[in-house]
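Read the structure below first, then the notes.
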Amino acid sequence: MSENVYQFTVMKENGETYSLDELRGRPIIIVNTATKCGFAPQFSELEAIYQKYKDDGLMILGFPSNQFKQELNSSHDAAEACRLSYGVTFPMHHLIAVNGKNTDPLFKYLKKSIPGPLGSTIKWNFTKFLVNRDGQVVKRFAPKTSPNDMIDDIKNVLK
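Per the numbering used here: the sequence shown = residues 609 to 767.
Here it is in structure tokens:
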């Protein structure tokens, strides 16, 4: 069996764990987030995309990280800030490391699947990975890339 995102178990901000296999057959955007980052307004764009395409199967998963010192101290506080400041309704997850020896296993896989300009390193908050219906990572988007600039690629994986 080829590797895909369905082999990973993740933890929501409330401590509940689940297998990404539950999302089998759905395109997914996986993004490392930080509520105090200059790119945080992307939460609004991501939420608008989620609202527009969730009935077509799209799922967005936010993974807060304080790796770049721009996140609140707890997963719950980060998720609450996303909901209150940006109206986020897509799932937010437990605070994770995206680089270094404690890198979350899902992000190790994502970085290996599609290396970025810094190789297997996440450059900054709001690095976005697009996953197709087969659980394969098909595209990586830079932190500065507006989620709205991802729409053509999103439509392609929704087909």
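Yeah, the Cβ is synthetic: ideal placement off N, Cα and C, and Gly gets one too.
Run of the beta strand (DSSP E) containing PHE737, from where it starts to where it stops:
Locating residue 737 in the sequence shown gives position 129, where the first residue counts as 1. Where PHE737 is concerned, the enclosing beta strand (DSSP E) stretches over 736-739.
Which residues share a DSSP beta bridge with PRO672?
Against the sequence shown, residue 672 aligns to sequence position 64. PRO672 is bridged to THR641.
I want to know whether the stretch 646-660 touches the stretch 615-631 - three or more CB-CB distances under 8 Å.
Not touching, per the Cβ criterion.
Cβ pair LYS736, VAL613 closer than 8 Å:
Taking the sequence shown and counting its residues from 1, the one referred to as residue 736 is at position 128. Taking the sequence shown and counting its residues from 1, the one referred to as residue 613 is at position 5. Note that the C-beta distance between LYS736 and VAL613 is not below 8 Å.
Give a yes or no on whether 8 Å exceeds the smallest Cβ distance from THR641 to chain C.
Chain labels in this structure do not include chain C; a single protein chain is all it has.
According to DSSP, simplified to helix, strand and coil, what is LYS677?
Counted from its first residue, the sequence shown places residue 677 at position 69. In the displayed model, LYS677 falls within coil according to three-state DSSP, outside both helix and strand.
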